[in-house]
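Take a look at the structure set out below.
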Amino acid sequence: MSKPIARAIALCALAAAPVLALAQDYPSKPITMVVPFPPGGSTDVIGRLFAAKLGARMGQTVVVENKPGANTSIGATAVARAAPDGYTFMITGAPTFTLNPLLYSNLNYNPLKSYEYVAIAGSTPFVILTNPQTGIGTVADITSKSASQPLSFGSFGNGSTPHIAGESLAQRTGAKLLHVPYRGSAPAMTDLIGNQIPLSIDTLVASLPQIKAGKARAVALTGNARSSLVPDVPTVAESGFSGYDFETWFGVVMPHGTPAPVVARLSKEIEAVMAEPDTRAKLQELGFDATFSDPATFRRKVESELERNVAIIKAAGIKPD
Numbered sequence: 001m002s003k004p005i006a007r008a009i010a011l012c013a014l015a016a017a018p019v020l021a022l023a024q025d026y027p028s029k030p031i032t033m034v035v036p037f038p039p040g041g042s043t044d045v046i047g048r049l050f051a052a053k054l055g056a057r058m059g060q061t062v063v064v065e066n067k068p069g070a071n072t073s074i075g076a077t078a079v080a081r082a083a084p085d086g087y088t089f090m091i092t093g094a095p096t097f098t099l100n101p102l103l104y105s106n107l108n109y110n111p112l113k114s115y116e117y118v119a120i121a122g123s124t125p126f127v128i129l130t131n132p133q134t135g136i137g138t139v140a141d142i143t144s145k146s147a148s149q150p151l152s153f154g155s156f157g158n159g160s161t162p163h164i165a166g167e168s169l170a171q172r173t174g175a176k177l178l179h180v181p182y183r184g185s186a187p188a189m190t191d192l193i194g195n196q197i198p199l200s201i202d203t204l205v206a207s208l209p210q211i212k213a214g215k216a217r218a219v220a221l222t223g224n225a226r227s228s229l230v231p232d233v234p235t236v237a238e239s240g241f242s243g244y245d246f247e248t249w250f251g252v253v254m255p256h257g258t259p260a261p262v263v264a265r266l267s268k269e270i271e272a273v274m275a276e277p278d279t280r281a282k283l284q285e286l287g288f289d290a291t292f293s294d295p296a297t298f299r300r301k302v303e304s305e306l307e308r309n310v311a312i313i314k315a316a317g318i319k320p321d
């Protein structure tokens with residue numbers, strides 16, 4: 001071996017030594033989990049569940065720090081600016097990465113440059129709902145009934161994933177749909193039950209009580225698979241529109257530059273936590289499937305959803321409030 005090559009190998013080994021040492025010693029102090037929502041919501045509940053279980057597995061306390069505000073951008077910015085030493089990570093929903101960057105120009109983070117992707121830690125589809133009095137029972141019914149007069153559909157907010165899903169449904173099926181934004185799920189459901197609007201798109205868990213009571217009818221799920229919570233309800237894809245897939249998920253990220261061995265360690269610990277029966281039961285109780293994705297798969301999902309959403313937003317002319 002020539003001296004220059006030997007010297008290069010030695011330098012690479014020296015450069016890698018601190019990273020390897022960090023990975024071997026990690027974690028050596030408490031870790032902060034940022035939740036960019038107020039206490040009490042589903043993200044916070046799931047975050048605290050993971051914090052307790054990760055802390056027990058990794059031998060260090062995982063401290064939950066709620067940083068709500070500005071559509072999650074306060075917490076997301078804090079994590080993007082945190083030291084990439086493995087002691088800060090965030091759990092948040094899909095819109096932080098796949099919608100907000102397309103709707104708000106003043107964000108202080110970039111979804112593809114500011115983070116290391118760690119894991120997807122649960123997902124759930126949305127459900128297309130109708131008032132039983134409308135006579136709508138299928139996706140085909142939505143298309144046919146809207147041919148003569150556009151149908152209104154509610155969602156829990158302008159620029160939300162259900163809003164995007166509804167616009168995509170119109171674009172894919174040719175249905176004539178008009179979006180009605182509400183400030184949350186409850187008022188949208190109230191108007192659906194009162195037959196003020198014929199359609200709504202919401203999370204399955206929020207809609208389940210009204211579906212079971214017969215006050216709302218589940219027409220189709222927006223994800224790529226049926227749900228055990230409503231096994232008889234088909235997906236939009238099953239209705240003839242392959243590739244239609246909208247869901248919400250929880251993702252875990254760390255600041256960009258966090259050493260790869262540390263990212264891999266946290267990802268594997270999350271996967272192990274998600275395999276535990278009580279974790280899966282709690283996720284199901286909250287309406288989520290225990291779907292895990294590794295760092296590479298997670299990043300590809302974000303890239304794919306960004307590409308899809310930007311086209312839908314542009315075609316529908318969606319602008320933030």
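Numbering (the working numbering), first residue to last: 1 to 321.
Glycine is no exception: its CB is placed at the ideal position from the N, C-alpha and C atoms.
These numbers come from a predicted model, not from an experiment.
{"Item": "Same chain, Cβ closer than 6 angstroms to residue 176, five either side skipped, listed in chain order", "Value": "146 and 150"}
{"Item": "Three-state secondary structure assigned by DSSP to residue 214", "Value": "coil"}
{"Item": "Cβ separation of residue 108 and residue 80, assumed to be a contact under 8 angstroms, to the nearest whole Å", "Value": "7 angstroms"}
{"Item": "Per-residue DSSP class, three states only, for residue 16", "Value": "Note that residue 16 has pLDDT 49, beneath the 50 cutoff, so the model's placement of it is unreliable and the number below is only indicative. Three-state result, residue 16: helix."}
{"Item": "Alpha carbon of residue 319 to alpha carbon of residue 49, nearest angstrom", "Value": "35 angstroms"}
{"Item": "Nearest candidate by alpha-carbon position, reference residue 155, set 187, 258 and 171", "Value": "187"}
{"Item": "Three-way DSSP call (helix, strand, coil) for residue 91 in this model", "Value": "strand"}
{"Item": "Cβ separation of residue 143 and residue 174, assumed to be a contact under 8 angstroms, to the nearest whole Å", "Value": "6 angstroms"}
{"Item": "Nearest residue (CA-CA) to residue 91, options 76, 82, 103 and 98", "Value": "76"}
{"Item": "Where the beta strand (DSSP E) through residue 122 begins and ends", "Value": "115-130"}
{"Item": "Residue 17 classed as buried or exposed, judged by whether at least 16 other C-beta atoms fall within 10 angstroms", "Value": "Here residue 17 scores only 49 on pLDDT, less than 50, and its place in the model should not be relied on; the value that follows carries that caveat. Residue 17 is exposed by the Cβ-count criterion."}
{"Item": "Beta-carbon proximity list for residue 223, same chain, < 8 angstroms, skipping 5 on both sides", "Value": "123, 124, 125, 126, 235, 245, 246 and 247"}
{"Item": "Per DSSP, the bridge partner or partners of residue 251", "Value": "92 and 120"}
{"Item": "Best match in 172, 231 and 96 for proximity to residue 140 [C-alpha to C-alpha]", "Value": "172"}
{"Item": "Straight-line Cα distance separating residue 192 from residue 297", "Value": "37 angstroms"}
{"Item": "Nearest candidate by alpha-carbon position, reference residue 64, set 304, 72, 70 and 55", "Value": "55"}
{"Item": "Residue nearest to residue 288 in terms of C-alpha spacing, selected from 199, 47 and 280", "Value": "280"}
{"Item": "Nearest-angstrom Cβ-Cβ length linking residue 112 and residue 303, presumed shorter than 8 angstroms", "Value": "7 angstroms"}
{"Item": "Pick from 30, 98 and 78 that is closest to residue 250, judged by C-alpha positions", "Value": "98"}
{"Item": "Buried/exposed call for residue 66, threshold 16 Cβ in 10 Å", "Value": "buried"}
{"Item": "Residues bridged to residue 274 (per DSSP)", "Value": "Looking at the DSSP assignment, residue 274 forms no beta bridge with any residue, so it has no partner."}
{"Item": "Chain-order list of residues whose beta-carbon lies under 7 angstroms from that of residue 263 (same chain, five-residue window excluded)", "Value": "116, 118, 254 and 295"}
{"Item": "6 angstroms Cβ shell around residue 230 - same chain, five flanking residues per side excluded", "Value": "218"}
{"Item": "Nearest residue (CA-CA) to residue 128, options 57, 242, 189 and 29", "Value": "189"}
{"Item": "Alpha carbon of residue 196 to alpha carbon of residue 275, nearest angstrom", "Value": "43 angstroms"}
{"Item": "Residue 60 beta carbon less than 8 angstroms from that of residue 95", "Value": "no"}
{"Item": "CA nearest to the CA of residue 261, picked from 51, 84, 37 and 200", "Value": "84"}
{"Item": "Per-residue burial, residue 278 [other beta carbons within 10 Å of its own, 16 or more giving buried]", "Value": "exposed"}
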